[in-house]
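*Asks:*
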Amino acid sequence: NAGVTQTPKFQVLKTGQSMTLQCAQDMNHEYMSWYRQDPGMGLRLIHYSVGAGITDQGEVPNGYNVSRSTTEDFPLRLLSAAPSQTSVYFCASSPGTSTGELFFGEGSRLTVL
Amino acid sequence: GNSVTQMEGPVTLSEEAFLTINCTYTATGYPSLFWYVQYPGEGLQLLLKATKADDKGSNKGFEATYRKETTSFHLEKGSVQVSDSAVYFCALRPGAGGTSYGKLTFGQGTILTVHP
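The listed protein sequences derive, respectively, from chains C and E. Sequential numbering from 2 applies to the first sequence in our numbering. Sequential numbering from 18 applies to the second sequence in our numbering.
1. Kindly indicate which three-state DSSP category residue 23 of chain C falls into: helix, strand or coil?
2. Please classify residue 9 of chain C: is it buried, with 16 or more other beta-carbons within 10 angstroms of its beta-carbon, or exposed?
3. Anything in the region 37 to 54 of chain C with a Cβ closer than 7 Å to a Cβ of chain E? List those residues in chain order, please.
4. Please list the partners that residue 59 of chain E has in chain C, where partner means a Cβ-to-Cβ separation under 9 Å.
5. If I measure Cβ to Cβ from residue 3 of chain C and keep anything under 6 Å in the same chain, skipping five residues before and after, which residues do I get?
6. Quick check on the burial criterion: 16 or more other C-beta atoms within 10 angstroms. Buried or exposed for residue 111 of chain E?
7. Look up residue 81 of chain C in the DSSP assignment and say whether it is helix, strand or coil.
8. Rounding to the nearest angstrom, what Cα-Cα distance links residue 51 of chain C and residue 18 of chain E in this structure?
9. Report yes if the C-beta distance between residue 19 of chain C and residue 93 of chain C is below 9 Å; otherwise report no.
10. Does the Cβ-Cβ distance between residue 31 of chain C and residue 70 of chain C come in under 9 Å?
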């Protein structure tokens, strides 16, 4: 029962470095999304995808890129990391049904120095 | 736009006490409402949900009723346990369907600590 798998769990970057947070799901869900969690602000949507080849921006997309080449994978790329991107990142997936439930990964804690 | 407001925390209770965490929302149309729970070091998991007005979601002794007239979805539990210590998030999904399925709007979260 893998569900939604995120890697890495922890990462420290220097300002200006780039990296990719990986996300994979094995539930054949159409919808995938990335959120960031910051103290006192809940979860905010960064990018989402409604299927392979289709992505769109969420509430806080600046500084992040995504692609969806397969149903299973939805990587999040930071092209030039900034301290403001220090956060905990969650990937989630959802079936294309009216229940709307999201299934979350365990999170990736990113620190940008 | 859509928004969710939760009561400010943190909330600290003794075991077996009654719990209420308030949640109100702003949304157009008929959103679905959710409570998620995040245990330390883990991702979020669905606690309960309600998809239309007057629905009551329930799970693990927790309950919440979708009140459209007061735009609220307050979380309650009659007798909390130490194992309920976690962060609780109220969330809504717009009622438009289609691309809204994967997009939730979350409240800021409420930290609950239960002491023995």
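For every residue, glycine included, the Cβ atom is placed at its ideal position computed from N, Cα and C.
*Replies:* According to the data block:
1. strand
2. exposed
3. 41, 42, 43, 44, 46, 49 and 51
4. 105, 107 and 108
5. 27
6. buried
7. coil
8. 21 Å
9. no
10. no
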